[in-house]
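Add 1 to a position in the first sequence, counting from 1, and you land on the number used in the numbering used here. Don't be surprised by glycine CBs; every beta carbon is placed ideally from N, CA and C.
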Amino acid sequence: MLRTHTCGELRISQTGQNVSLCGWIQRNREMGGLTFIDLRDRYGITQLVFNMELNASLCGDARKLGREFVVCIQGKVAERSNKNPKIPTGDIEILVEKLTILNTSKVPPFTIEDHTDGGEELRMKYRYLDLRRDENKRNMLLRHRMAIEVRNYLNSKNFIEIETPFLIKSTPEGARDYVVPSRMNEGEFYALPQSPQTFKQLLMVAGYDRYFQIVRCFRDEDLRADRQPEFTQIDCEMSFVNQDDILNTFEGLATHLFKTILDVDVADFPQLPYEEALKLYGSDKPDIRFGMTFIELNTLMKGKGFRVVDDAGLVVGIKAEGCGEYSRKQLDALTDFVRKPQVGATGLVYIKYNPDGSIKSSVDKFYSPEDMKQVLDEFQAKPGDLILILAGDPDQIRSSMSDLRLEMGKRLNLMTSGEFKPLWIVDFPLLEWDEESQRYHAKHHPFTSPKEEDIPILESDPVSVRANAYDLVINGVEIGGGSVRIHNKELQQQLFKVLGFSDEEATAQFGFLMNAFEYGAPPHGGIAFGFDRWVTLFGRGESIRDFIAFPKNNAGRDVMIDSPSALSNEKLNELGIETTR
RNA sequence: GGUCUGGUAGUUCAGUUGGUUAGAAUGCCGGCCUGUCACGCCGGAGGUCGCGAGUUCGAGUCUCGUCCAGACCGCCA
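Right, here's the structure in full:
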C-alpha cells in the first residue's frame, strides 16, 4: 500500500507518528517561507506543511504542484499551532519529509468544491471530476448505504436476490422498449426489460417464495427531472400472501430505511383509496404533509346564474388559511398560475373572508352574501382565510386544483423539509380507456388481479373494476407500486380478452407465463420501488440525476461518452440493419 | 410532437434605445508574503458574444432559421 492512512482519519492522538498519505491537491496556500497544501481523498482533507527554512528544495517542489495533481507524501503528524475547527482533521497537520508526484493534472474546467463554479452541462461532461465533489460523494454514499440496508432487511425476512435476464422480448403493453438486434438471429430483436415482471412471477411458480433484486430497468420514453431511460428498481415478489401481508412487509422495509438511514421513526402508513385521493387531493400521489383538502361545491354554487360554474361538471375549492389579506396582485398571480397551459384551468374564483368579517369575492355579482357565507361555512373558514375555487371538467379541474394546492403549500411553507409522511394509495382501477388506440389499457400491468367482488363486471363495465393494486407515496413522490397478481390461467385469459388481445396474440406474447400457470402457480404478489427516487427523497435532492453516478441528460444522451452514436456500416451489415436517416 | 427559459473570457454572470476599445467575479500565469485554511497584496494574459442568414451606415443587442442545454405538457402499464 502506498499509504498508511486516509486523508480523513488522522487526529491529535496520532501526533508524532510517521505516516504516508495519497490524494489529490485541493488547494495550495503560499505564505512566503511556509507553504500549506490541502490533500484530499474520498475520506477527507489533511493539511500538509512545507517549510522553506527547513527544506528549501522540497518546499520549492511543493509550490509547483497544481490543482488535482495526485501525490504521495511521507511525514510526521504534528499538532497545529492554529487549529481549524471546521474540519475533522483540523487539529493536526503533516510535516512533509518526502513528496512523490504520482500523476500531474490539467487545470480542471471547474473548481472541485462544494459551491463549484461549474454549470450543469460542464459538470456532466466531466462527470468523473464532478464526482470528486463532496456533495456527490455524499449522494453516492447515501445510495450505497440504502442499497445495503435494503439487502439487510429483505435478507432478514428470508428474501433471496436472484438475477433475471436483460436480453428479453418486447411486449405490447406499457412503455416503449429499448431493443437490441440479434446478430445470430438476423432480423430479430431482444428488448431490454421495463421491469423483471414476468420473471419474478415465474420465480414464484418455481417456488422461490420470497424474491428481490436491485435491478436496472429500461424505458424508451421522454425524460424529466425524476426520470431516466435506465433506472433502478427494488423489485420484490412474495407467494402465499394477501395484499395486507405485502403492505405490512414493505412498511417494514420503509420503516427500516427511515430508521437506519435517517434515524426517523415513521409509524403511520395510512391507506387511501384511489378514488378518495382524487376527490380530496386531485392526485394519486398526494403530498399529505399538509391538509388543504378539496371541498366540492356543486350543490352550493350551481344554479345562481354564473355560467362557468353552472356549465361545469365539477366545482371544487380549497381553503388557504391566513391568506384573506392577499392583494389584487397576489390573486392575479394565482390566476396566472392556474391559467398556465401546464395547469390548464380557464380562471380562478376567490372568496376573501376579510379579518373584519366582511366577504369579498370575484363573483359577488352572482352570489349573495348569504350564499358566500354558506360556502365559507362549508370550509369552516375563519376571518382572514381565503377560498380558491375552480370549475370545469372534473378530471381537468382536479388536476389543476392539485397543482394549485401544491403551489399554495409552497407559498405558505407547508412542505417541511425533513418531515416524511408516507401513505398507501389502494384500490386503483384495473383498466383505463385509451382514446388513441381505442381500447382498454391495464393501469398497472396486465397481470394485476381484479378485486374478487368486481370480477363479474369485468366484461360489462371494465372501467369500474378495481384492482388489488397499491402505490407507496411519500411527500408527493410515487416511491413504488405493486399488486396482487393473477395466478389462474382462465382469469388471465379473460383479462387479455378485455385488453383486446386475440388468443393467438396472447399466446405469442405471454404463452410462457400462461403455460407456467398450468403447473401449480401459487397465489402471489409484489411491489417495485423506484430506488433512484427513494434515494433522492432521502437525500432531499431535486433531481435523480444527482444520485446516479453517470446519468443521462433530458434527451437521453450521455454527454461524457457522447452516446448514443452511429454504428459503422460493417457493424450494421453484420446485424442485417439498414437505417433510413 | 409541443410550450417556455437560457447560450458573452477556462468558469459563473452583467452588458442600458442598435453606436467609440465588450465588463465584473472567480480560475489561470508571474511577483511579494512564516500560521494559512474561500489566506492576503501587486501585476499580467485570456473573447469566433453557440452557428448561419437577414434588416441596418452600424448587431452581443432586432428578425428568421439551426444546434446545444434545462424545465414542463403529451408520453412514461
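DSSP places isoleucine 169 in the strand class (E or B) of the three-state scheme.
8 Å or more divides the Cβ of alanine 382 from the Cβ of tyrosine 351. The beta strand (DSSP E) runs lying completely inside the segment 181-220 and spanning 3 residues or more are 190-192, 211-219, given in chain order. Here asparagine 140 is buried, its C-beta having at least 16 other C-beta atoms within 10 Å.
Straight through space, the alpha carbons of leucine 568 and glycine 521 are spaced by roughly 46 Å. As computed with DSSP, cysteine 73 is found in a beta bridge with Cys23, Thr101. Annotated three-state conformation of proline 552 is coil, per DSSP.
Closest in C-alpha terms to isoleucine 390, from the list Ser240, Glu69, Lys320, comes Lys320. If you ignore the 5 residues before and after glycine 540, its C-beta comes within less than 7 Å of the C-beta of Asn140, Leu143, Phe548, all in its own chain and listed in chain order. Ranked by Cα distance from methionine 2, the first of Glu436, Ser21, Thr261 is Ser21. Apart from sequence neighbours up to five positions away, the residues of its chain that approach glycine 304 with a beta-carbon distance below 8 Å are Asp311, ordered along the chain.
Boundaries of the alpha helix (DSSP H) around leucine 377: 370-379. In this structure, methionine 561 sits away from methionine 32, with a CB-CB distance that is not shorter than 8 Å.
Pairing valine 478 with leucine 538, the inter-Cα distance amounts to about 8 Å.
With fewer than 16 other Cβ atoms inside 10 Å of its own Cβ, lysine 411 counts as exposed. Here the segment 239-247 makes contact with the segment 209-216; the two share three or more CB pairs at distances below 8 Å. Non-local C-beta neighbours of lysine 84 in its own chain, meaning closer than 8 Å and more than five positions away in sequence, comprise Gly91, Asp92, ordered along the chain.
Its chain contains Phe448, Ser450, Gln493 as the residues whose beta carbon lies nearer than 6 Å to that of isoleucine 487, once the 5 sequence neighbours on both sides are disregarded; these appear in chain order. Buried is the label assigned to histidine 445, since at least 16 other Cβ atoms lie within 10 Å of its Cβ.
Assignment of lysine 320 by DSSP, reduced to helix, strand and coil, places it in the strand class. Look at methionine 147 here: in three-state DSSP terms it is helix.
DSSP places lysine 452 in the coil class of the three-state scheme, outside both helix and strand. About 6 Å separates the beta carbon of arginine 467 from that of proline 430, a gap short enough to meet the 8 Å contact definition.
Excluding five sequence positions before and after glycine 557, the CB atoms of its chain that fall closer than 7 Å to its own CB belong to Leu224, Pro230, given in chain order. In the DSSP secondary-structure assignment, serine 484 is bridged to Ala470, Gly527.
With respect to the C-alpha of glycine 358, the residue from Leu387, Asp337, Gln331 having the closest C-alpha is Leu387. Under DSSP, tryptophan 425 forms a beta bridge with Gln272, Leu473.
By the C-beta density criterion, isoleucine 480 is buried, having at least 16 other C-beta atoms within 10 angstroms.
Residue range 35-42 is occupied by the beta strand (DSSP E) that includes threonine 36. Ranked by Cα distance from alanine 443, the first of Lys65, Ala470, Val181, Gly76 is Ala470. For threonine 233, the uninterrupted beta strand (DSSP E) run begins and ends at 231-240, by DSSP. Counting C-beta pairs closer than 8 Å gives fewer than three between the segment 332-343 and the segment 419-430, which falls short of the contact rule. DSSP links alanine 79 through a beta bridge to Glu94. Nearest to glutamate 94 by alpha-carbon distance, out of Tyr441, Ala79, Gly67, is Ala79.
For glutamate 433, there is no enclosing alpha helix (DSSP H); the enclosing beta strand (DSSP E) has its first and last residue at 432-435. The three-state reading of DSSP puts phenylalanine 367 in coil, since its state is none of H, G, I, E or B.
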